[in-house]
């Protein structure tokens with residue numbers, strides 16, 4: 018979806034364990050370290066591996082642009098003495114008041130409930146006032162599928178998407194969460 022007007026600033030979404038906050042230029046090093054991990058890149062459609070120079074800076078720049086089609090939040094654990102970036106979560110705007118949720122968590126935080134808490138916090142905050150959110154996960158990542166079902170997303174079918182890090186088309190499971198309407 019292409020937007021031709023400025024977007025309101027992203028809100029901070031607070032939880033007891035972390036804050037979801039807009040990206041900062043200073044996040045570059047941690048994002049690059051985590052996104053550069055092949056275990057992370059190979060579970061996303063868009064992160065290349067190896068990570069080319071300038072990729073992280075471009076991501077941060079896009080996220081800070083006044084005209085954008087995706088809002089990206091850092092999962093910032095500093096309030097609980099954690100790192101500033103434990104992962105990222107995003108909402109990509111779609112037509113008809115819908116968004117697609119995307120997320121990744123650094124391997125050090127896998128199997129800690131962090132991804133489920135982040136998705137739940139973002140869904141509950143519903144910062145774009147969406148009627149519907151979608152998400153998809155690779156079929157070889159059942160833990161990510163559990164994140165979505167734990168947050169009330171319902172399975173709606175199979176699809177496939179090209180994974181840059183794998184240089185291959187990967188089967189996915191697609192999920193929906195109706196928020197109102």
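In the numbering used here, the protein residues as written are 18 to 198.
Built from N, CA and C at the ideal position, the CB exists for glycine as well.
Distance CB(residue i)-CB(residue j) smaller than 8 Å
i           : j           : result
residue 34  : residue 101 : no
residue 152 : residue 170 : yes
residue 92  : residue 80  : no
residue 179 : residue 60  : no
residue 132 : residue 30  : no
residue 56  : residue 159 : no
residue 76  : residue 53  : no
residue 176 : residue 191 : yes
Exposure label - residue i; buried when at least 16 CB within 10 Å
i           : result
residue 19  : Model confidence at residue 19 stands at a pLDDT of 46, short of 50, so the residue's coordinates are unreliable; what they give is reported in the following sentence. That one is exposed.
residue 58  : buried
residue 128 : exposed
residue 44  : buried
residue 64  : buried
residue 189 : buried
residue 126 : buried
residue 187 : buried
residue 147 : buried
residue 130 : exposed
residue 84  : exposed
residue 82  : exposed
residue 78  : exposed
residue 25  : exposed
Residue closest to residue i, alpha-carbon to alpha-carbon, out of the options
i           : options            : result
residue 111 : 96, 98, 91, 87     : 87
residue 48  : 166, 195, 30, 122  : 122
residue 40  : 64, 66, 73, 140    : 73
residue 194 : 137, 61, 54, 159   : 137
residue 95  : 38, 132, 192       : 38
residue 36  : 166, 145, 97       : 97
residue 32  : 145, 140, 78       : 140
residue 197 : 145, 119, 149      : 149
residue 162 : 145, 144, 185, 119 : 119
residue 4   : 26, 172, 51, 27    : The requested residue 4 does not occur in the structure, where the chain is confined to residues 18 to 198.
residue 184 : 172, 66, 46, 174   : 66
Sheet register partners of residue i (DSSP bridge)
i           : result
residue 37  : 30, 92
residue 134 : In DSSP, residue 134 forms no bridge with anything.
residue 87  : 109
- prompt: What are the complete beta strand (DSSP E) segments, minimum 3 residues, inside the segment 92-122?
  reply: 104-111, 115-122
- request: Would you list, in sequence order, the uninterrupted alpha helix (DSSP H) runs of no fewer than 4 residues that lie entirely inside the segment 150-195?
  value: 159-167
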